[in-house]
Each structure stands twice: as C-alpha cells, then as structure tokens.
Amino acid sequence: MVPKTEMDPMQKNTHILVGVTGSVAALKLPILVSELLKIPGLWKKREDPVLHIDLRRWADLLLVAPLDANTLAKMASGLCDNLLTCVIRAWDLSKPLLFCPAMNTAMWEHPITAQQVDQLKSFGYVEIPCIVKKLICGDEGRGAMAEVPTIVAKVKAILSERGLSAHS
Numbered sequence: 001m002v003p004k005t006e007m008d009p010m011q012k013n014t015h016i017l018v019g020v021t022g023s024v025a026a027l028k029l030p031i032l033v034s035e036l037l038k039i040p041g042l043w044k045k046r047e048d049p050v051l052h053i054d055l056r057r058w059a060d061l062l063l064v065a066p067l068d069a070n071t072l073a074k075m076a077s078g079l080c081d082n083l084l085t086c087v088i089r090a091w092d093l094s095k096p097l098l099f100c101p102a103m104n105t106a107m108w109e110h111p112i113t114a115q116q117v118d119q120l121k122s123f124g125y126v127e128i129p130c131i132v133k134k135l136i137c138g139d140e141g142r143g144a145m146a147e148v149p150t151i152v153a154k155v156k157a158i159l160s161e162r163g164l165s166a167h168s
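Each residue of the sequence shown is one higher than the one before, starting from 1 at the first, in the UniProt record's numbering.
1) Which same chain residues, not among the five before or five after residue 198, have their C-beta less than 7 Å away from its C-beta?
2) Using C-beta distances below 8 Å, list every residue in its chain close to P149, excluding the 5 sequence neighbours before and after it, in chain order.
3) Measuring straight from C-alpha to C-alpha, what distance separates K74 and A144?
4) Enumerated in chain order, which unbroken segments of the alpha helix (DSSP H) with a length of 4 residues or greater are wholly contained in the UniProt domain "Flavoprotein" (50-157)?
5) Among I128, L17, I112, which residue has its Cα nearest to the Cα of A76?
6) With burial defined as no fewer than 16 other Cβ atoms inside 10 Å of the residue's Cβ, what is the status of L61: buried or exposed?
7) Classify L32 as helix, strand or coil using the three-state DSSP reduction.
8) Determine the burial state of K28: buried for a count of at least 16 other Cβ atoms within 10 Å of its Cβ, exposed for fewer.
9) Is the shortest distance between the beta-carbon of V24 and the beta-carbons of chain D less than 9 Å?
10) With G19 as the anchor, note down where its beta strand (DSSP E) starts and where it stops.
11) With distances taken between CB atoms, is the gap from L67 to S23 smaller than 9 Å?
12) Evaluate F99 with the Cβ neighbour count: other Cβ atoms within 10 Å of its Cβ, from every protein chain shown; 16 or more gives buried, anything less gives exposed.
13) Let me check one thing: in DSSP terms, what residues is L42 bridge-paired to?
14) For D54 and D81, I'd like the C-alpha separation in whole angstroms.
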C-alpha cells in the first residue's frame, strides 16, 4: 500500500529512496539521511509496509549509499536476492538512480570493479565517485564513500534538473 501524505495540492513532495549495503561506510548513513531530510519537500514518514514494486513507484530518486563491492556485482549482473536488489532490478529507468561506491582500495582497484561500474553507467545510473582517504581498515587509498555534502549536492542538482523541488 502506498503511504498517504497530507499536502497542499499545489505542492508535490519529492521521494528519495536510500539503499544501504554492507559497506563499513554505512556508518555515515545517519548523517547522510539527516542532511537529505533538510531538502525542502521531502516526505518524512511512512505508515504502511511497502514491497519492492511499491517502493519503485513511490520513489522519485534512488540513492544507493554506500554501495559495497558485493551489491555492485549483483546490480551489474541483475541479481535480485534481497529487497534492495529487487527494487533496483525493477527500477523505472526514466527516474534517476545514483550510487556511491565504497570498498577497500584493493577491491576498488580490481579490474572487474571498473567493468561493473561501467555496466551500471550504461543503464543510465549516475556514479558519485569514491574518494581517497584513510579507510576504516587502516589502508590509505581510493575506495571511501564520497563525503556527505558531495552526495547531498549531487542529489539536489539532479532533483533540480528534473524539476523535483519542494514546490514543483
């Protein structure tokens, strides 16, 4: 069942679905969601459970952050063995899907990772590239999820490009 919202008929709420994978960068999720909720016009509560098809219909934008190596491989291959990957597999390609890779540098630098990222881009998905920094494991290198302000700025830019602002 699609959640009910109370809103002015002249105002359309924007819905962002955030998909979270098993990356250690999921530690940033509370900060990311907190910042995303500051975008005017976002719907902030749910009343009923929703399945993958209802979620794809409900969301105006899908943000997968962080995107770990395992889920990257699943997305590139079309595997759908959990709610998130089922939503992604059923995703309406006319709507934006953004992904934020986050993994150990050795995983990021493996040749198959570039192939998988290219595969997602060929679907029209938008990469918010990972960055170089000291990772939780102690390694220094590329693989850390983009910083929250970078992610939020990209989400806002895409919402604006598509006319999905608070008062659209």
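Ideal Cβ positions, reconstructed from N, Cα and C, are used throughout, including at glycine.
Checking against the coordinates, here is how it stands:
1) Since the first residue shown for the chain is 1 and the last is 168, residue 198 is missing from the structure and cannot be characterised.
2) Translated into the one-based positions of the sequence shown, residue 149 becomes position 149. Closer than 8 Å at the Cβ level, and outside the excluded window around P149, lie E35.
3) Against the sequence shown, residue 74 aligns to sequence position 74. Against the sequence shown, residue 144 aligns to sequence position 144. C-alpha separation (whole angstroms): 20 Å.
4) 52-58, 69-77, 83-89, 105-109, 111-122
5) Position 76 of the sequence shown holds residue 76. Sorting I128, L17, I112 by C-alpha distance to the C-alpha of A76 places I112 at the top.
6) For the purposes of this step, residue 61 is taken as residue 61 along the sequence shown, with counting starting at 1. Result: buried.
7) Counted from its first residue, the sequence shown places residue 32 at position 32. Helix.
8) Within the sequence shown, the letter at position 28 stands for residue 28. The residue in question, K28, is buried, as its Cβ has 16 or more Cβ neighbours within 10 Å.
9) Going by chain labels, chain D is absent from the structure shown, which holds only one protein chain.
10) Position 19 of the sequence shown, counting from 1, holds the residue named residue 19. Where G19 is concerned, the enclosing beta strand (DSSP E) stretches over 16-19.
11) Residue 67 sits at position 67 when you count from the first residue of the sequence shown. Residue 23 sits at position 23 when you count from the first residue of the sequence shown. Against a cut-off of 9 Å, the Cβ pair of S23 and L67 comes out as a contact.
12) Within the sequence shown, the letter at position 99 stands for residue 99. Under this definition F99 is a buried residue.
13) For the purposes of this step, residue 42 is taken as residue 42 along the sequence shown, with counting starting at 1. Answer is T14.
14) Numbered from its first residue, the sequence shown carries residue 54 at position 54. Numbered from its first residue, the sequence shown carries residue 81 at position 81. If you take the alpha carbons of D54 and D81, they lie about 17 Å apart.
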